[in-house]
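A.B. asks: Starting off with a structure, shown below.
2 protein chains.
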Amino acid sequence: MKVELIVIGSEVLSGHTVNTNLSFIGQTLDRAGYTLSRETVLPDNHEDLKSGFAEALKRSDLVVAAGGLGPTIDDVTRHAAAEVFESSFHFNETVAKHLRERFGEKFPTVEDQAAVPEKAIPLLNNVGTAPGLIFQEGKGTLILMPGIPAEMCPILTEQVLPFLKKKFPLKEQIYRRSLHFFELSENVVDGVLRTLVQKYPKVDFGIYPGMGVVSVTLAAKAKSASDADLLLRKPYSALEEHFATNCFKSDSGQIEEAVQKLFIEKGWTLSCAESCTGGAVAARITQHSGSSGYFLGSIVSYANELKTAALKVPAELIQEKGAVSEEVVSSMVKGALDLTGSDFALAVSGIAGPLGGTPEKPAGLVWCAVQHKDGEPHLWKLNHHLPRQLVILRSVNSLLSNLILYSKQYNV
Amino acid sequence: MKVELIVIGSEVLSGHTVNTNLSFIGQTLDRAGYTLSRETVLPDNHEDLKSGFAEALKRSDLVVAAGGLGPTIDDVTRHAAAEVFESSFHFNETVAKHLRERFGEKFPTVEDQAAVPEKAIPLLNNVGTAPGLIFQEGKGTLILMPGIPAEMCPILTEQVLPFLKKKFPLKEQIYRRSLHFFELSENVVDGVLRTLVQKYPKVDFGIYPGMGVVSVTLAAKAKSASDADLLLRKPYSALEEHFATNCFKSDSGQIEEAVQKLFIEKGWTLSCAESCTGGAVAARITQHSGSSGYFLGSIVSYANELKTAALKVPAELIQEKGAVSEEVVSSMVKGALDLTGSDFALAVSGIAGPLGGTPEKPAGLVWCAVQHKDGEPHLWKLNHHLPRQLVILRSVNSLLSNLILYSKQYNV
Chain A
1 MKVELIVIGS
11 EVLSGHTVNT
21 NLSFIGQTLD
31 RAGYTLSRET
41 VLPDNHEDLK
51 SGFAEALKRS
61 DLVVAAGGLG
71 PTIDDVTRHA
81 AAEVFESSFH
91 FNETVAKHLR
101 ERFGEKFPTV
111 EDQAAVPEKA
121 IPLLNNVGTA
131 PGLIFQEGKG
141 TLILMPGIPA
151 EMCPILTEQV
161 LPFLKKKFPL
171 KEQIYRRSLH
181 FFELSENVVD
191 GVLRTLVQKY
201 PKVDFGIYPG
211 MGVVSVTLAA
221 KAKSASDADL
231 LLRKPYSALE
241 EHFATNCFKS
251 DSGQIEEAVQ
261 KLFIEKGWTL
271 SCAESCTGGA
281 VAARITQHSG
291 SSGYFLGSIV
301 SYANELKTAA
311 LKVPAELIQE
321 KGAVSEEVVS
331 SMVKGALDLT
341 GSDFALAVSG
351 IAGPLGGTPE
361 KPAGLVWCAV
371 QHKDGEPHLW
381 KLNHHLPRQL
391 VILRSVNSLL
401 SNLILYSKQY
411 NV
Chain B
1001 MKVELIVIGS
1011 EVLSGHTVNT
1021 NLSFIGQTLD
1031 RAGYTLSRET
1041 VLPDNHEDLK
1051 SGFAEALKRS
1061 DLVVAAGGLG
1071 PTIDDVTRHA
1081 AAEVFESSFH
1091 FNETVAKHLR
1101 ERFGEKFPTV
1111 EDQAAVPEKA
1121 IPLLNNVGTA
1131 PGLIFQEGKG
1141 TLILMPGIPA
1151 EMCPILTEQV
1161 LPFLKKKFPL
1171 KEQIYRRSLH
1181 FFELSENVVD
1191 GVLRTLVQKY
1201 PKVDFGIYPG
1211 MGVVSVTLAA
1221 KAKSASDADL
1231 LLRKPYSALE
1241 EHFATNCFKS
1251 DSGQIEEAVQ
1261 KLFIEKGWTL
1271 SCAESCTGGA
1281 VAARITQHSG
1291 SSGYFLGSIV
1301 SYANELKTAA
1311 LKVPAELIQE
1321 KGAVSEEVVS
1331 SMVKGALDLT
1341 GSDFALAVSG
1351 IAGPLGGTPE
1361 KPAGLVWCAV
1371 QHKDGEPHLW
1381 KLNHHLPRQL
1391 VILRSVNSLL
1401 SNLILYSKQY
1411 NV
């Protein structure tokens, strides 16, 4: 069956809002077996939405849409969809009651938010005010959800997915397995994939490079997880064995998930001393629930004085060698170990740019360190001519990758 | 003129990669006057791309696409586009020379990457290996760019934009101005917008809520910036004056940009003590170039022991009141001021969830503090039932908003 997604928002098209809904909806539907064949972003404009919905309903069996359901003046999604399905509006008592219970009897936009197209089933919104809607008469199936992630996510998982499983039960679905590699070039991974493609024609291979991490996805159509396993197991193992040293496993493809699993298994703790990454290492680590099980914290010593005050980096050393130097990151990593008492520490100091570079130390130069409390530090430098945010991202990935590699000597 | 974007990548549709290209390309084109009327994400599949390109070229004057240009097995964009334009491939010496100069004489995929459709002009890629391509014969204009942001961004700004300005000079363009409000509800802002819409029918208003920040965009079509100013100035000022206390200005809509501008103007410095935000406050601040002009650093004291070791929060206080308490954030903010010597400090401690909550202190409870070195702390708490990453995001926005509000008493 064909499934497509429509995201609605002029602010998405003008680049003012990053569209994170595609990622969440795409992943959730994909895991349930309803892989998207297309996504379209349309502006908050009645005519564009009407023709966009009509086109999509012709092309696909199921159209899921997010955005433009609110009570504000630029929200026109409901009305465009109702026209496509030739449906008038009525005041829905269930929706009104649910809104009044949560926002009080005098909730100002209740008249508007409880106006539901007659041909649609409302999906109650437990976070915000706009209900979702399911249209399924005549022209196909169109599901509307609010665009705000906090409102959309529970509606999708708790109401839309159960509806889909009932309405569109699947005989075959696509099963995927991913493997991730750090500090390997895309070309090297691709070379190996090309031989696997020949050997396993029923498996689809995808390769996705991302700032120091290369991800490979193997996909196969099958009736059950065990049938899929028969198809995927061999090429997956072949790939895993070939790049064993540089391989990590993580549901999201984020290397800190692999770090968390390893550190919690081993009972190890970690701390950081960050300069140019400005807290990005800690933020990446702590976005995952359970990270407090191994992560003690990070000293984000952006100013040199704080490197001295919190990490005991000698002021003369900074003066003499510069904050971006092998000697200073070496002192920072030692400072983090001493201050926090962690088993391992990471340190990083560089020039994220675009300002602040010199001919000797250009923007993009980043010194990194990893050390075990009883071991010698491993020090390395990066030098990538990238925009600021990518210099930071590349550094975070390199630090986490080298932490896994370095920790192998203690992994007994 | 109609412009649309096609992003190519099965990994985007399956949600494995977040599509940041739309945001960058949408914003860059919008600023140059070429606002996107639609974006489509298509899989790395020859037939889907062929029909997707053909459809888009019929609908729009200009089609810009990103992704699937690499040398790996799943990259089919070039070939699909060449079929639409009925073009064969030839070996392009300029592209080959440029690749060999940068990657060596024996660069393995040079044969493939230098194969350019005869009817296309190559756009040299100074970061990676895949050149961009411009097709402009017969069927309309189709521009292909690599999908990796580090490669795409310079090609778009340095080569594609100059090409567009020459090929599609604009008589009228859309001018936008944005205003952002913190700690105001969407409903309140919307009420004022509804009166402005009536009064200024030539202006398009958009309202975009985002975790404690509401953004409003005013747009008008005009021949010049000064014509646009005549249309936009009055409603913009009306809105700004109406919500003066809660208004901030920032190109990106991110409140830390407003903090940076204010603090650098005033010569103030800032430090943080973070627990549940795990470095996210510091990471948001330091993603902007120039933040080292006021930001000294952050103590990300995830473990309680580090709150004591680095911030001198008494261990007994944490024992008695709990790490998530008014007393502990008050001690943390004082600790940050003392350690760093900054003018202002922020502190935050909460339960990001979903684990770790109790009936008395549920997941989502976050205590916050802001203090001037010579002043009393302002303490407040948040309590939002949101997914972990949104609890963090909401907290970061609240801290930065309250920093601006609190600092007004020193703003003389």
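Heads up: the protein sequence lines correspond to chains A and B, in order.
Residues 1 to 412 in this note's numbering are what the first sequence spells out, letter by letter.
Residues 1001 to 1412 in this note's numbering are what the second sequence spells out, letter by letter.
Ideal Cβ positions, reconstructed from N, Cα and C, are used throughout, including at glycine.
Remember, predicted model here, so these are calculated numbers, not experimental data.
1) Please report the residue range of the beta strand (DSSP E) in which H1378 of chain B lies.
2) Compare the C-alpha of T1217 of chain B against each of A:A54, A:K361, A:S51, A:G9 and name the closest.
3) Determine the contact status of A435 of chain A and V391 of chain A, defining contact as a CB-CB distance below 8 Å.
4) Does any residue of chain B have a CB that is nearer than 8 Å to the CB of I73 of chain A?
5) I'd like to know if V18 of chain A contacts chain B, where contact means its C-beta is closer than 8 Å to some C-beta of that chain.
6) R1388 of chain B versus chain A: which residues are under 9 Å apart at the beta carbon?
7) Could you tell me the distance, in whole angstroms, from the CA atom of E1381 of chain B to the CA atom of L1022 of chain B?
8) For P162 of chain A, name the three-state secondary structure that DSSP assigns.
9) Whose C-beta lies closer than 8 Å to the C-beta of C276 of chain A among residues of the same chain, with five residues either side of it excluded?
10) Can you find a CB in chain B that lies within less than 8 Å of the CB of S331 of chain A?
11) Skipping 5 residues on each side, what residues in its chain have a beta carbon closer than 6 Å to that of A1219 of chain B?
12) Taking the beta strand (DSSP E) that P122 of chain A belongs to, which residues open and close that run?
13) Under 8 Å between C-beta atoms, does V1012 of chain B make it to chain A?
14) What residue does the alpha helix (DSSP H) around G1413 of chain B start on, and which one ends it?
15) Use the C-beta contact count for F91 of chain A: other C-beta atoms within 10 angstroms, 16 or more gives buried, fewer gives exposed.
16) Whole angstroms are fine: how far does the CA of S407 of chain A sit from the CA of M332 of chain A?
17) Once DSSP output is grouped into helix, strand and coil, what is the label at Q1198 of chain B?
18) Starting from P354 of chain A, find everything on chain B with Cβ-Cβ shorter than 9 Å and list it in chain order.
19) Taking the alpha carbon of T109 of chain A as the point to measure from, which residue in A:L133, A:I134, A:T72 has its own alpha carbon closest?
20) If we define contact as Cβ-Cβ less than 8 Å, is Y1236 of chain B a contact residue for chain A?
21) State the CB to CB distance for the pair G52 of chain A and T40 of chain A, rounded to an integer number of angstroms; the pair is presumed to be in contact (CB under 8 Å).
22) At what residues does the alpha helix (DSSP H) containing K1058 of chain B begin and finish?
23) According to DSSP, simplified to helix, strand and coil, what is L1454 of chain B?
24) Straight-line CA distance for K1307 of chain B to P387 of chain A?
25) Please report the straight-line C-alpha distance between L193 of chain A and D1074 of chain B, rounded to a whole angstrom.
26) Determine the direct distance from the alpha carbon of L57 of chain A to that of F181 of chain A, and round the result to whole angstroms.
27) Identify the residues that DSSP records as bridge partners of K221 of chain A: which are they?
28) Using a C-beta cutoff of 8 Å, does S1060 of chain B count as contacting chain A?
29) Decide if A1228 of chain B is buried, meaning its Cβ has at least 16 other Cβ atoms within 10 Å, or exposed.
30) Below 8 Å, how does it come out for the stretch 257-266 of chain A and the stretch 1363-1377 of chain B: are there three or more Cβ pairs, yes or no?
31) Taking D30 of chain A as the query, report the chain B residues whose CB atoms sit under 9 Å from its CB, ordered along the chain.
32) Measuring CA to CA, which of B:L1013, B:V1188, B:C1272 is closest to F1344 of chain B?
33) Restricting to Cα atoms, I'd like to know which of B:A1336, B:E1118, B:Y1034 is closest to G1297 of chain B.
34) In angstroms, rounded to a whole number, what distance separates the CA positions of C247 of chain A and T195 of chain A?
35) Quick one: is N1246 of chain B near chain A, going by C-beta distance under 8 Å?
36) A282 of chain A versus chain B: which residues are under 7 Å apart at the beta carbon?
C.D. replies: Once the coordinates are examined:
1) 1378-1383
2) A:G9
3) The shown model of chain A, from 1 to 412, leaves out residue 435 of chain A, and the question about it has no answer.
4) yes
5) yes
6) Q287, H288, S289
7) The sequence shown places Lys at residue 1381 of chain B, not Glu. C-alpha separation (whole angstroms): 36 Å.
8) helix
9) V324, V348, S349, G350, I351, A352, V366, V391, I392, S395
10) no
11) I1174, R1176, D1204
12) 120-123
13) yes
14) In the structure displayed, chain B extends from 1001 to 1412; residue 1413 of chain B sits before or after that span and is not available.
15) exposed
16) 19 Å
17) helix
18) S1289
19) A:T72
20) no
21) 6 Å
22) 1046-1059
23) Only positions 1001 to 1412 of chain B appear in this structure, which leaves residue 1454 of chain B out of reach.
24) 34 Å
25) 10 Å
26) 39 Å
27) A:I174
28) no
29) buried
30) no
31) L1013, S1014, G1015, H1016
32) B:C1272
33) B:A1336
34) 19 Å
35) no
36) G1278, G1279, V1300
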